[in-house]
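K.L.:
2 protein chains.
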Amino acid sequence: MVRLGIVGFGVHGRHTLAAGIFGGKVLNGKLTAVCDINPEKLAWVKENHADIKTFECPEAMFKSGEIDAVLIATPHYDHPPLAMQAMDAKLHVLIEKPAGVYTKAVREMNKKAETAGVVFSIMYNQRTNPLYRKMHEMVQGGELGELKRFSWIITDWYRPQAYYDSGGWRATWKGEGGGVLINQCPHNLDLWQWICGMPKSISAQVHHGKWHDIEVEDDVTAYAEYENGATGVFITSTADCPGTNRFEILGDLGKLVCEGGKLMHTKLEISEREFNRTNKEMFASPKSTTMELDCPGDAGHVVAHMGILNNFIDAISKGEKLIAPGEEGINGLTISNAIHLSGWLGKKIDLPLDEDLFKAELEKRF
Amino acid sequence: MVRLGIVGFGVHGRHTLAAGIFGGKVLNGKLTAVCDINPEKLAWVKENHADIKTFECPEAMFKSGEIDAVLIATPHYDHPPLAMQAMDAKLHVLIEKPAGVYTKAVREMNKKAETAGVVFSIMYNQRTNPLYRKMHEMVQGGELGELKRFSWIITDWYRPQAYYDSGGWRATWKGEGGGVLINQCPHNLDLWQWICGMPKSISAQVHHGKWHDIEVEDDVTAYAEYENGATGVFITSTADCPGTNRFEILGDLGKLVCEGGKLMHTKLEISEREFNRTNKEMFASPKSTTMELDCPGDAGHVVAHMGILNNFIDAISKGEKLIAPGEEGINGLTISNAIHLSGWLGKKIDLPLDEDLFKAELEKRF
Chain A
1 MVRLGIVGFG VHGRHTLAAG IFGGKVLNGK LTAVCDINPE KLAWVKENHA DIKTFECPEA
61 MFKSGEIDAV LIATPHYDHP PLAMQAMDAK LHVLIEKPAG VYTKAVREMN KKAETAGVVF
121 SIMYNQRTNP LYRKMHEMVQ GGELGELKRF SWIITDWYRP QAYYDSGGWR ATWKGEGGGV
181 LINQCPHNLD LWQWICGMPK SISAQVHHGK WHDIEVEDDV TAYAEYENGA TGVFITSTAD
241 CPGTNRFEIL GDLGKLVCEG GKLMHTKLEI SEREFNRTNK EMFASPKSTT MELDCPGDAG
301 HVVAHMGILN NFIDAISKGE KLIAPGEEGI NGLTISNAIH LSGWLGKKID LPLDEDLFKA
361 ELEKRF
Chain B
1 MVRLGIVGFG VHGRHTLAAG IFGGKVLNGK LTAVCDINPE KLAWVKENHA DIKTFECPEA
61 MFKSGEIDAV LIATPHYDHP PLAMQAMDAK LHVLIEKPAG VYTKAVREMN KKAETAGVVF
121 SIMYNQRTNP LYRKMHEMVQ GGELGELKRF SWIITDWYRP QAYYDSGGWR ATWKGEGGGV
181 LINQCPHNLD LWQWICGMPK SISAQVHHGK WHDIEVEDDV TAYAEYENGA TGVFITSTAD
241 CPGTNRFEIL GDLGKLVCEG GKLMHTKLEI SEREFNRTNK EMFASPKSTT MELDCPGDAG
301 HVVAHMGILN NFIDAISKGE KLIAPGEEGI NGLTISNAIH LSGWLGKKID LPLDEDLFKA
361 ELEKRF
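These protein sequences, in sequence, are chains A and B.
Taking my numbering, the leading residue of the first sequence gets 1, the next gets one more, and so forth.
Taking my numbering, the leading residue of the second sequence gets 1, the next gets one more, and so forth.
Next up, the structure:
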């Protein structure tokens with residue numbers, strides 16, 4: 001049994017992670033400690049789960065000897081420093097998304113995890129979604145051929161002004177480090193790179209406080225180019241109602257379209273690139289067949305979280321391969337930072353990212 | 001009976017326009033003259049339709065007194081000079097798309113039509129497509145509210161290298177004035193502006209000869225901004241296989257999605273903008289209902305052409321309102337030119353377009 005501690009007993013910590021554990025959804029782990037700065041939350045733990053130790057200070061919990069691993073579910077900026085403190089105490093770490101606000105900090109976490117020899121994972125729970133897993137397997141496995149184009153319109157997370165008014169830290173550069181990119185998009189930016197790979201450059205149109213009275217971005221259209229010439233478009237906003245979630249990927253062997261919980265696959269009989277070279281008819285095109293792929297439906301939010309948590313525990317106790325290893329947290333965040341930077345500077349950003357420039361530009365906005 | 005003459009007896013002139021007229025699809029007009037530089041085509045006319053006069057020279061046909069109106073179906077660059085010659089002869093004019101390659105020339109055609117007092121229309125036959133007509137009515141009629149965003153992925157016109165190799169003039173700056181934008185897209189760029197209106201700026205990523213051995217563009221991602229803050233994305237290519245045709249429009253009162261011959265409408269009970277201002281709940285959103293709109297299906301290519309042709313004839317004989325008036329030809333072409341210019345110069349292009357700059361930049365590429 002891996003002994004788990006949670007830092008941050010809020011929406012994610014209590015209502016997703018702890019709820020799943022209490023609900024018997026975690027097989028080889030148990031919750032033995034909870035840390036929060038709010039005494040009321042700790043009082044609830046004491047009253048309802050007397051066997052669980054409570055802490056107001058994360059460091060005390062990390063050094064208590066009561067836990068083997070820690071689940072970090074605090075505000076964004078705290079993820080890296082808390083994770084590194086825990087790693088120093090030789091604890092395994094699972095952090096909520098985003099991995100952080102700066103890629104630099106994520107890089108440091110990864111180094112520390114390696115040095116400390118602990119397991120480090122990120123709650124990219126959408127990687128357990130069967131639709132996205134299938135897309136990842138098909139694109140990375142080569143079944144779609146060479147990537148040519150993708151487009152993802154992901155706007156189905158409407159947020160009214162009341163949402164932004166609910167907490168002073170929300171949607172501020174200093175409090176969150178951004179808007180829709182850093183709060184709603186981390187899963188999708190991770191899936192983008194997990195499925196399609198990392199682009200070589202990003203040009204983005206970023207609108208700050210366009211639909212809401214906020215200082216950060218709430219409307220983004222990003223354009224990416226890949227080393228092989230492929231391009232991609234990513235459109236997001238928190239003001240689209242009704243929103244859309246449509247992810248299309250084209251390779252030289254076919255096309256995937258994920259929308260409305262369905263994944264459609266069109267498979268070409270011959271590579272388009274090869275056909276283009278060899279065909280002699282003016283209006284001909286490669287033959288194809290289209291079918292819906294059989295992916296067991298998305299099992300929902302809590303199950304997805306538990307999928308990552310069980311995998312994290314099995315990685316600790318049985319050496320199982322991580323679904324969402326810490327090293328990969330840097331990729332989605334790099335895309336996020338590059339979009340921000342492109343918007344601020346009004347120009348194309350080449351990757352790898354100039355991390356110091358990003359940090360300086362972000363801090364100008366504090 | 002309006003007496004019609006056709007200039008250019010090729011794919012459009014003979015197999016679409018004349019075929020429709022011969023097939024009895026035109027009620028109040030008859031074909032009385034045909035002009036082509038190819039004697040074989042004229043020989044076919046003489047042999048099969050002895051009552052139709054044939055001409056090798058357009059001007060001779062225009063001055064012959066045998067026709068009241070002319071249908072121009074020649075290569076792109078010839079549309080404006082031929083149209084103006086016909087207007088000088090007081091003939092009504094219907095030209096194939098595109099209206100021309102330069103907006104300046106289209107502007108001149110419009111002036112001349114006004115001075116000559118003739119009817120001038122453009123073969124924007126897709127305006128008769130019931131799906132697009134419905135979208136036009138709903139957006140321009142205000143049913144969708146204020147425009148917020150559109151995206152159109154229009155890539156379902158695959159062209160292999162053999163297509164481009166079939167004629168030396170194809171896909172050259174000098175021969176056609178561009179690639180996918182000027183050859184495949186004119187209808188769609190017209191529909192864009194007809195349905196959503198004209199943007200105030202365009203930023204485009206334009207790839208020349210990316211997928212084919214050609215000098216002009218075959219892959220475009222364009223981003224547009226509107227005066228009211230709305231944005232749009234238009235993605236096109238001739239190398240996507242299988243291609244996509246998906247047009248989504250979001251207003252503050254709802255959303256339209258046109259794909260696969262279906263038009264889906266989601267209607268909000270209250271304007272999103274108003275809801276955003278007045279709602280007090282963090283995770284609430286306006287209530288909505290989604291339905292498929294009943295649009296009689298697209299009747300096909302020839303019928304669509306005949307719709308515009310019959311309307312043109314009725315405008316001449318009965319003063320009926322034009323579906324695709326000449327003045328509007330400038331709008332789609334302005335968007336096309338702005339996308340080209342943005343791609344060449346690597347920067348955002350504000351509208352109205354600097355027409356002289358566009359012409360100079362295009363001619364640099366001859």
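Idealized CB from N, CA, C, for every residue including glycine.
Computed from a predicted structure; not experimentally measured.
B:Leu333 and B:Pro98 - do their beta-carbons sit closer together than 8 Å?
P.N.:
Contact flag set, yes.
K.L.:
Answer yes or no: does any C-beta atom of chain A fall closer than 8 Å to that of B:Leu256?
P.N.:
So, not an interface residue.
K.L.:
Is it buried or exposed for B:Asn125, if we count other Cβ within 10 angstroms and need 16 for buried?
P.N.:
B:Asn125 should be labelled buried.
K.L.:
Just checking: is the beta-carbon of B:Glu143 within a distance shorter than 8 Å of some beta-carbon in chain A?
P.N.:
B:Glu143 does not count as touching chain A.
K.L.:
What in chain A is Cβ-close to B:Ala162, meaning under 8 Å?
P.N.:
Residues of chain A passing the Cβ test: Asn279, Lys280, Glu281, Met282, Ala284.
K.L.:
Could you give the distance in angstroms between the alpha-carbon of B:Thr290 and the alpha-carbon of B:Leu263?
P.N.:
Going by the C-alpha atoms only, they are around 11 Å apart.
K.L.:
Express the C-alpha separation of B:Trp152 and A:Gly243 in angstroms, rounding to a whole number.
P.N.:
Between A:Gly243 and B:Trp152, the C-alpha separation is close to 16 Å.
K.L.:
If we count the other Cβ atoms within 10 Å of its Cβ and call it buried at 16 or more, is B:Glu227 buried or exposed?
P.N.:
Classification of B:Glu227: exposed, given that the 10 Å Cβ count is below 16.
K.L.:
When you compare the CB positions of A:Met367 and A:Lys25, do they come within less than 8 Å of one another, or not?
P.N.:
This structure cannot settle anything about residue 367 of chain A, because the visible part of chain A is limited to 1 through 366.
K.L.:
For chain B, is any of its Cβ atoms less than 8 Å away from the one on A:Gln205?
P.N.:
Answer yes: the Cβ-Cβ gap between A:Gln205 and chain B drops below 8 Å somewhere.
K.L.:
Answer with yes or no whether the minimum CB distance from A:Asp240 to chain B is below 8 Å.
P.N.:
Judged by the 8 Å Cβ criterion, A:Asp240 is in contact with chain B.
K.L.:
Looking at the secondary structure, which residues open and close the alpha helix (DSSP H) in which B:Asn337 lies?
P.N.:
Note, B:Asn337: alpha helix (DSSP H), 329–345.
K.L.:
Does the beta-carbon of B:Gln85 have 16 or more other beta-carbons within 10 angstroms, so that it is buried, or is it exposed?
P.N.:
Flag for B:Gln85 reads buried.
K.L.:
Can you grab the Cα-Cα spacing for the pair B:Gly307 / B:Asn129, in whole Å?
P.N.:
Using only the alpha carbons, I get a separation of about 10 Å.
K.L.:
Could you pull out every unbroken beta strand (DSSP E) segment of at least 3 residues lying fully inside the region 115–164 of chain A, listed in chain order?
P.N.:
For the region 115–164 of chain A, whole beta strand (DSSP E) runs of length 3 or above, ordered along the chain, are 120–122, 147–154.
K.L.:
So with Cβ pairs under 8 Å, would you call A:Lys210 a contact of chain B?
P.N.:
At least one chain B Cβ lies under 8 Å of A:Lys210.
K.L.:
Taking 6 Å as the limit between beta carbons, can you name the residues of its chain near B:His368, skipping five residues before and five after?
P.N.:
Shown here, chain B extends from 1 to 366; a query on residue 368 of chain B therefore has no answer.
K.L.:
For the alpha helix (DSSP H) containing B:Gln205, name the first residue and the last one.
P.N.:
That residue, B:Gln205, is in no alpha helix (DSSP H); its beta strand (DSSP E) goes 201–208.
K.L.:
If you run the structure through DSSP and keep just helix, strand and coil, what is A:His76?
P.N.:
Helix at A:His76.
K.L.:
Within 8 Å (strictly less), CB to CB, does A:Tyr226 reach chain B?
P.N.:
Taking Cβ atoms only, chain B never reaches closer than 8 Å to A:Tyr226, which makes this a no.
K.L.:
Using the beta-carbon of each residue, which ones in chain B are nearer than 7 Å to A:Leu263?
P.N.:
Those do not exist, as A:Leu263 stays about 15 Å from chain B at its closest Cβ, beyond 7 Å.
K.L.:
Kindly indicate if chain A contains any beta-carbon less than 8 Å away from that of B:Glu248.
P.N.:
Closer than 8 Å to some Cβ of chain A, the Cβ of B:Glu248 qualifies, so yes.
K.L.:
Show which residues of chain B have a CB atom less than 7 Å away from the CB atom of A:Gly229.
P.N.:
Here the neighbours are Lys210.
K.L.:
In the DSSP output, what is B:Glu225 paired with across the bridge?
P.N.:
Answer is B:Ser201, B:Thr231.
K.L.:
For the beta strand (DSSP E) that contains B:Leu351, what are its first and last residues?
P.N.:
No beta strand (DSSP E) holds B:Leu351; DSSP gives it neither H nor E.
K.L.:
Check whether the region 62–71 of chain A and the region 27–46 of chain A are in contact - that is, three or more C-beta pairs closer than 8 Å.
P.N.:
The region 62–71 of chain A, when compared against the region 27–46 of chain A, does touch it at the 8 Å Cβ threshold.
K.L.:
What are the boundary residues of the beta strand (DSSP E) that B:Ile67 is part of?
P.N.:
Element bounds for B:Ile67: n/a, residue is neither H nor E.
K.L.:
Just to make sure I have the definition right: I need the residues of chain B whose C-beta is within less than 9 Å of the C-beta of A:Val180. Which are they?
P.N.:
Within 9 Å Cβ-Cβ: nothing; A:Val180 doesn't reach chain B, min ~14 Å.
K.L.:
With a threshold of 8 Å between beta carbons, is B:Thr115 in contact with chain A?
P.N.:
So no, B:Thr115 is outside the interface.
K.L.:
Between which two residues does the alpha helix (DSSP H) holding A:Thr278 run?
P.N.:
Per DSSP, A:Thr278 belongs to the alpha helix (DSSP H) from 272–278.
K.L.:
Please confirm whether A:Leu351 has its beta-carbon closer than 8 Å to some beta-carbon of chain B.
P.N.:
No, because no Cβ of chain B sits closer than 8 Å to the Cβ of A:Leu351.
K.L.:
Would you say A:Val139 faces chain B, with C-beta separation under 8 Å as the test?
P.N.:
Output row for A:Val139: interface = no.
K.L.:
How about the region 154–168 of chain A and the region 270–277 of chain B: do they share at least three Cβ pairs that are nearer than 8 Å?
P.N.:
Verdict: yes, contact present.
K.L.:
Just to make sure I have the definition right: I need the residues of chain A whose C-beta is within less than 8 Å of the C-beta of B:Thr54. Which are they?
P.N.:
None at all; the shortest Cβ gap to chain A is about 28 Å.
K.L.:
Looking at the C-beta of A:Phe390, does it have a partner C-beta in chain B at a distance below 8 Å?
P.N.:
No answer is possible for residue 390 of chain A: it lies beyond the span of chain A, which begins at 1 and ends at 366.
K.L.:
Just the chain B side, please: which residues come within less than 9 Å of A:Val216 by C-beta, in chain order?
P.N.:
Within chain B, no residue comes near A:Val216; the closest Cβ sits about 16 Å away, beyond 9 Å.
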